[in-house]
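Residue numbers (the numbering used here), protein chains in the order written: chain A, 5 to 170; chain B, -10 to 155. C-beta atoms are modelled at their ideal positions from N, C-alpha and C, and glycine is treated no differently.
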C-alpha cells in the first residue's frame, strides 16, 4: 500500500519537473526522489495538491561534507498522507557556496520551526522565512554544530560562564 | 555547671553557634533545581516512601530566596547555565549545593557542545551524588553528609564529599 503513492509521486516529479529531477532511490522499502533546489516549492505544492499528501511529517538536513555528493547539503522533506499512512521523501541539494533555499511555509506551515532548527544546526538560510532565528541553542551561539567540520565537544562555548566560589 | 542549679528541669545549656547549627541542619529547605531525569528521583525522594521531609526538608519552596540548599538534578545545558547562576546568586547565605547525578557532577554521558561538563566549574558544590539517576537513598545520604558538614564547620568551606554507594 505504501508503495503506491511513492510511485505516483516519482512519476509526477519525473514528468512535470524533468529538469529538476536528479534520481530516484530506494532503501529498506522506502523510496525517495532527489531534485535540485530551484523549484522545490512548486514540487512540494504539486505533491500536496495532486498526489494527496496532507502532512509534512519532517523536514531536516544532512551535511555530506567530503562524501562525493553533488552538493554539500541536502534538505529532506518527508510527506505523509493521513489516514492511510503512506509516506514519501523528497531531497533537495543545497550547495555550500550559496547555502540558501526557498522556505516551504507557503505550502506547509509546519515547516516553520523545522527550518529554524535547520538554520540553527547547519546554517542554511531559507528565503522568505518570517522569523529565521535560532530555536534550540542560545541566540548568541557562534557556530553551526551539526556541520561535519564542527567538533562534537564544541569550541569552548560550554566553558564560557562566570565562576562563583565560596 | 553552676548554672544547672538555677535552671528548671528540662532546660539545656549549649553554645549559641551549636544551637544555630543544629537548627540549620535540621531544617534544610531545598531549592530543587530539577531539570531532567534526576528530578524524577528527587521527586521520589521527596514523596512519602523515601520522605526527605523527615530530615527537615519539609518546605520545598521553588523560590531561591527562601531556600538554603540547592539540589542540581539533571543535565545543565549552556542555555540553562545563566539561569542556574542567577538562581544561585539569589539564594541568601548560608547556602549549600548538592550536585545530583552524573550530568550535574561531570557532564555524564553527554560530552557535547551544548552541555556544561559539571556545574562545579561555575558554582561551588558541597556534595556530589553519583548515579544515573542516583537512588533516593543516595540522595538522602547526600543530605545527611550536608548535615554533617553544617555541624562540623565553622562558617563554610570544607572539602567536597562523594556520597557513598548505597
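Original post:
If you compare alpha carbons, which of A:90, A:153, A:13 and A:110 is closest to residue 55 of chain A?
Top reply: Ranking the options by Cα distance to residue 55 of chain A, first place goes to A:13.
**OP:** Could you list which residues in chain B have their beta carbon closer than 9 Å to that of residue 158 of chain A, in chain order?
**Re:** Neighbours of residue 158 of chain A on chain B, chain order: 67, 101, 102 and 103.
**OP:** Could you pull the start and end residues of the alpha helix (DSSP H) that residue 106 of chain A belongs to?
**Re:** Per DSSP, residue 106 of chain A belongs to no alpha helix (DSSP H); it is in the beta strand (DSSP E), 104 to 106.
**OP:** Would you be able to state if there are at least three C-beta pairs under 8 Å between the stretch 57 to 68 of chain B and the stretch 12 to 25 of chain B?
**Re:** These segments touch.
**OP:** Starting from the beta carbon of residue 141 of chain A, find every residue of chain B whose beta carbon is closer than 8 Å, and list them in chain order.
**Re:** Neighbourhood of residue 141 of chain A in chain B, by CB distance below 8 Å: 67, 68 and 103, in chain order.
Original post:
Taking DSSP as the reference, what is the three-state secondary structure of residue 171 of chain A?
Top reply: Any question about residue 171 of chain A goes unanswered here, given that chain A covers just 5 to 170.
**OP:** Could you please give the first and the last residue of the uninterrupted beta strand (DSSP E) stretch that includes residue 19 of chain B?
**Re:** Residues 19 to 23.
**OP:** Could you check which residue in A:135, A:138, A:159 and A:39 has the C-alpha nearest to that of residue 24 of chain A?
**Re:** Checking every option, the nearest Cα to that of residue 24 of chain A belongs to A:39.
Subject >> Distance between beta carbons of residue 119 of chain B and residue 30 of chain B, contact taken as under 8 Å >> reply: Going by Cβ atoms, the distance from residue 30 of chain B to residue 119 of chain B rounds to 13 Å, so no, they are not a contact pair.
**OP:** Please classify residue 135 of chain A: does DSSP put it in a helix, a strand, or coil?
**Re:** The three-state reading of DSSP puts residue 135 of chain A in coil, since its state is none of H, G, I, E or B.
**OP:** Would you decide whether residue 148 of chain B is buried or exposed? Buried here means 16 or more other CB atoms lie within 10 Å of its CB.
**Re:** Annotation note: pLDDT 43 at residue 148 of chain B (below 50); position unreliable, coordinate value reported separately. Exposed, by the Cβ-count rule.
Original post:
By DSSP, does residue 101 of chain A sit in helix, in strand, or in coil?
Top reply: Residue 101 of chain A: coil per DSSP, three-state reduction.
Subject >> Chain-ordered chain A contacts of residue 111 of chain B [CB-CB under 8 Å] >> reply: The answer, in chain order, is 165, 166, 167 and 168.
Original post:
residue 146 of chain A CB to nearest chain B CB: under 7 Å?
Top reply: Put simply, the CB of residue 146 of chain A is far from chain B, with every gap to its CB atoms at 7 Å or more.
Original post:
Quick one: which chain A residues come within Cβ less than 8 Å of residue -5 of chain B?
Top reply: For residue -5 of chain B, there are no neighbours in chain A by C-beta distance under 8 Å, as the nearest C-beta there is about 41 Å away.
**OP:** Could you tell me which of B:131, B:-3, B:27 and B:-5 sits nearest to residue 85 of chain B, measuring between CA atoms?
**Re:** With distances taken between Cα atoms, residue 85 of chain B lies closest to B:131.
Subject >> Neighbouring residues, chain A, relative to residue 159 of chain B (Cβ below 7 Å) >> reply: This structure cannot settle anything about residue 159 of chain B, because the visible part of chain B is limited to -10 through 155.
**OP:** Please confirm if the stretch 154 to 167 of chain A is in contact with the stretch 70 to 77 of chain A, defined as three or more CB-CB distances below 8 Å between the two stretches.
**Re:** Note that the stretch 154 to 167 of chain A does not touch the stretch 70 to 77 of chain A; fewer than 3 beta-carbon pairs, one per stretch, sit closer than 8 Å.
Original post:
For residue 169 of chain A, does the three-state DSSP call read helix, strand or coil?
Top reply: Secondary structure at residue 169 of chain A: coil, using DSSP grouped into helix, strand and coil.
**OP:** Flag this pair as yes or no: are the beta carbons of residue 48 of chain A and residue 152 of chain A separated by less than 7 Å?
**Re:** Pairing residue 48 of chain A with residue 152 of chain A gives a Cβ-Cβ distance that is not under 7 Å.
**OP:** Would you mind sorting residue 94 of chain B into buried or exposed? The rule is 16 or more other CB atoms within 10 Å of its CB.
**Re:** Taking a 10 Å sphere around the C-beta of residue 94 of chain B, we find 16 or more other C-beta atoms and assign the residue as buried.
**OP:** With 7 Å as the threshold, decide whether the Cβ of residue 127 of chain A is near any Cβ in chain B.
**Re:** Proximity of residue 127 of chain A to chain B, defined by a Cβ-Cβ separation below 7 Å, is not satisfied.
Subject >> Uninterrupted beta strand (DSSP E) stretches inside the stretch 36 to 102 of chain B (no shorter than 3 residues) >> reply: Correct list: 58 to 62 and 85 to 89.
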